[in-house]
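By the numbering used here, the letter at position 176 of the sequence shown is numbered 234, and the numbering carries on one by one without gaps. Just below is one structure, and these are the notes that go with it.
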Amino acid sequence: PQALPNDTRGRIAADHDRCAWRDCPHFSDCYVREVRDRAQSAQVVVINHTLLLIDAAMGGFLLPERDVIVVDEAHHLEEEATRAFTVTITPGRIQSLVAQSRVRQHADQGALQEALAASTLVAEALAQIMASNSKGRRTLDAPLQEGLRLASAVDGIANSLQHNRPLNLDAREEQLYERLVKRARTLASDLRTVFSLAEPETRVYYLERVTGRRNDRSVAYSASSTPLSVADLLREKLFDRTPTVITSATIAVGRDFSFFKARTGLSNPREAVLPLTFDYEHDALLYLPKLTHEPAFGAASALYHDELAKHMLEMIAVSSGRAFLLFTSNYALRAVHDRMAAHPDAAGYTFLVQGDGLSRSEMVRQFQKRARPVLFGLRSFWEGVDVPGEALSLVVIDKLPFDPPDDPVNEARVDHMKRAGENWFGGYVLPLATIRLKQGLGRLLRTHADRGVLAILDKRLVTKSYGRQVLAALPPARRTTDLAEVQAFFQRDD
């Protein structure tokens with residue numbers, strides 16, 4: 059399935075302030091009402107992390123009362139909470155407000171024109187700040203006065219809507235009008251939160267390029283304010299309110315939960331590391347080939363990518379395809395794929411490449427039905443994908459999945475830890491990469507009958523001191539640096 063285009067979504071979706079709820083003539087047939095009613099009477103409600111954390115951010119407004127919360131795949135909790143507690147300003151938020159018919163009818167035209175002019179100045183200011191940035195994102199280092207003027211202009215719209223409230227509105231229209239005023243107030247507040255940079259010690263402020271609608275090549279930018287830490291927020295809005303069970307195959311680094319507890323605000327929980335589900339020592343082999351080049355970027359990466367392609371071709375030859383080749387960047391994926399596809403030894407394999415038009419589910423389906431398949435995947439294939447049996451017998455990861463250094467939130471968190479004298483690498487960057495690595499390797503064994511080879515093509519695992527820590531945290535598969543042992547493993551009949 060493909061995501062709906064923005065223009066289609068806009069025609070079938072309604073904002074909260076355009077929903078009259080019980081006063082709507084279609085309330086009895088409302089799908090959302092039916093879902094809420096079923097949830098209220100259900101003994102178990104299954105939702106995703108996003109909805110759970112948006113509910114927490116809103117003070118429990120969305121979801122029914124609950125006796126206990128079970129959070130599975132909890133290694134995502136910090137990341138999802140960061141999204142839920144982020145305030146973001148997009149051009150669409152401003153445009154959709156001023157496009158409302160009630161705004162055009164009842165707001166003072168002077169206030170409306172002031173907001174439109176201020177919005178244009180904000181767009182120009184953001185474009186100027188981003189003009190020298192090729193990455194599409196950067197931190198916002200100083201308050202943006204144009205943004206603060208836009209906040210005042212939007213407040214002006216809210217004030218004029220309040221002042222010009224029509225008389226004799228029925229209950230439905232009264233409710234919708236009040237929600238519209240509240241929407242304008244919230245937008246003005248969010249504009250101040252993002253553009254004032256009022257909490258630089260606890261939040262990071264940054265800009266990102268946003269894509270337009272399909273076939274729309276215009277360039278626009280969003281601005282966001284994100285908490286540096288979600289620990290206190292999670293403790294206050296989730297853990298202290300409802301008994302919570304946390305579970306995941308990868309939240310322990312080794313047999314230690316300290317990293318997860320520190321990042322999510324858990325204090326003194328009852329905890330346990332359960333025995334491994336699968337027999338890694340017998341059913342898996344960890345291949346760490348001897349490499350010449352460390353991971354490199356940009357123009358310096360050619361020899362590194364040559365070496366990756368060489369080793370991956372050797373491995374898929376002994377596995378007869380049936381391989382997931384997982385990459386930490388699209389640039390590396392494309393570079394290695396192009397080298398492998400051009401090599402004579404690639405004949406006879408089916409290469410499936412993420413980004414070439416197939417959805418993730420269709421790529422998995424094709425992988426399971428095609429001869430000698432090799433899937434080139436990015437982060438979305440590192441977890442949540444199940445290919446049981448011999449169809450998937452080799453999982454290769456190009457390098458340790460450290461966060462990109464130019465990610466504004468990651469960069470700000472590291473800088474904050476540096477200023478505090480904390481161990482930013484061993485206490486944050488390395489455990490996070492280790493958890494992600496374990497998730498990627500976890501694609502291999504999905505049932506007790508599965509067996510196969512795991513491979514990591516990162517020289518730093520043996521040349522850097524932290525490599526031993528990473529290896530110690532991985533499943534206890536037998537290790538080898540010899541491709542002949544990999545071949546013997548595949549030829550072994552169990």
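Using N, Cα and C, we set each Cβ at its ideal position, and we do this for glycine too. Since this is a predicted model, take the numbers as computed values, not measurements.
*State the Cα-Cα distance for the pair Arg509 and Asp337, rounded to the nearest angstrom.*
When rounded, the distance between both Cα atoms is 9 Å.
*Per DSSP, Ser282 is paired with what?*
According to DSSP, Ser282 bridges with Thr146, Tyr264.
*Look at the Cβ atom of Arg380, then the Cβ atom of Pro446, and state whether they are nearer than 7 Å.*
No, these two residues do not count as a Cβ contact at 7 Å.
*Under 7 Å, do Lys457 and Pro353 count as touching if we go by C-beta distance?*
The beta carbons of Lys457 and Pro353 sit closer together than 7 Å.
*Does the stretch 197-210 come close enough to the stretch 245-263 to have 3 or more Cβ pairs within less than 8 Å?*
Taking 8 Å as the limit for Cβ pairs, the verdict is that the stretch 245-263 does touch the stretch 197-210.
_How far does the beta strand (DSSP E) with Thr335 in it extend, from its first residue to its last?_
No beta strand (DSSP E) holds Thr335; DSSP gives it neither H nor E.
_Check this for me: beta carbons of Arg430 and Ser377, under 7 Å apart or not?_
Between Arg430 and Ser377, the gap from beta carbon to beta carbon reaches 7 Å or more.
_Start-to-end residues for the alpha helix (DSSP H) that takes in Gly525_ = 524-531 is the extent of the alpha helix (DSSP H) around Gly525.
*Examine the Cβ distances between the stretch 228-243 and the stretch 104-118 and report whether three or more of them are shorter than 8 Å.*
With the cut-off at 8 Å, the stretch 228-243 and the stretch 104-118 do not touch.
*Going along the chain, which unbroken runs of the alpha helix (DSSP H) with 4 or more residues stay wholly within the stretch 289-330?*
Counting only runs of 4 or more, we get 289-292, 316-322.
*Distance between Ile374 and Gly117 (C-alpha atoms, nearest Å)*: Computed Cα separation, rounded: 51 Å.
*Thinking C-alpha only, which one of Pro224, Glu480, Ala546, Asp130 is nearest Ala320?*
Of the candidates Pro224, Glu480, Ala546, Asp130, the one whose C-alpha sits nearest the C-alpha of Ala320 is Glu480.
*Per DSSP, what kind of secondary structure is Ala381 in: helix, strand or coil?*
Of the three classes helix, strand and coil, the one that applies to Ala381 here is strand, per DSSP.
_Any chain D beta carbon closer than 7 Å to Glu231_ = Absent from the structure: chain D. Only one protein chain is present.
*How is the alpha helix (DSSP H) around Ile455 delimited, first residue to last?*
Annotation: Ile455 is outside any alpha helix (DSSP H); the continuous beta strand (DSSP E) that includes it extends over 452-455.
*Can you name the residues that DSSP bridges to Ala404?*
None, per the DSSP bridge assignment.
*Would DSSP call Ala390 helix, strand or coil?*
Helix.
*Which residue's Cα is closest to the Cα of Ser359: Arg392, Leu343, Ala330?*
Per the Cα distances, Arg392.
*asked:* Restricting to Cα atoms, I'd like to know which of Glu172, Leu344, Gln98, Leu225 is closest to Leu512.
replied: Nearest to Leu512 by C-alpha distance, out of Glu172, Leu344, Gln98, Leu225, is Leu344.
*Beta-carbon separation of Ala165 and Ile112 under 7 Å?*
Cβ atoms of Ala165 and Ile112: not closer than 7 Å.
*Could you please give me the residues that DSSP links to Ala342 through a beta bridge?*
Paired residues: Gly510.
*Helix, strand or coil: which one does DSSP assign to Pro466?*
Note: Pro466 maps to helix in three-state DSSP.
*asked:* Buried or exposed, going by whether 16 or more other CB atoms sit within 10 Å of the CB of Gly435?
replied: By the Cβ neighbour-count rule, Gly435 is buried, with 16 or more other Cβ atoms within 10 Å of its own.
*Using only alpha-carbon positions, find the residue among Ala478, Ala531, Gly500 that is nearest to Leu384.*
Check the Cα spacing between Leu384 and each of Ala478, Ala531, Gly500: the tightest is with Gly500.
*Residue nearest to Thr140 in terms of C-alpha spacing, selected from Tyr263, Pro122, Val311*: Ranked by how close their Cα comes to the Cα of Thr140, the residues Tyr263, Pro122, Val311 have Tyr263 in first place.
*May I ask you to report which of helix, strand or coil DSSP gives Gly413?*
In the structure shown, the three-state DSSP call for Gly413 is coil.
*Pull up the DSSP beta-bridge partners for Pro431, would you.*
By DSSP's assignment, Pro431 forms a beta bridge with Thr408.
*With distances taken Cα to Cα, identify the nearest neighbour of Lys517 among Ile455, Ala478, Pro462.*
For the options Ile455, Ala478, Pro462, the alpha carbon positioned closest to that of Lys517 is the one of Ile455.
*Can you tell me whether DSSP reads Arg196 as helix, strand or coil?*
Strand.
*Other residues of its chain near Phe317: CB distance less than 7 Å, five sequence neighbours each side excluded*: Same-chain partners within the cutoff: Val311, Pro489.
*Could you please give the first and the last residue of the uninterrupted beta strand (DSSP E) stretch that includes Arg536?*
DSSP places Arg536 in the uninterrupted beta strand (DSSP E) bounded by 536-538.
*If you follow the alpha helix (DSSP H) that Val90 is part of, which residue opens it and which one closes it?*
89-99 is the span of the alpha helix (DSSP H), which, as asked, contains Val90.
*Name, in chain order, the residues that DSSP records as bridge partners for Ile127.*
The partner list for Ile127 (beta bridge, DSSP) reads Thr302.
*Below 8 Å on the Cβ atoms is my guess for His401 versus Leu371; work out the distance and round it to an integer in Å.*
That pair is a contact at about 6 Å.
*Helix, strand or coil at Asp81 according to DSSP, with G and I counted as helix*: Under the three-state reduction of DSSP, Asp81 is assigned to helix.
*Give the secondary structure of Leu249 by DSSP, where H, G and I count as helix, E and B as strand, and everything else as coil.*
In the structure shown, Leu249 adopts helical secondary structure according to DSSP, grouped into three states.
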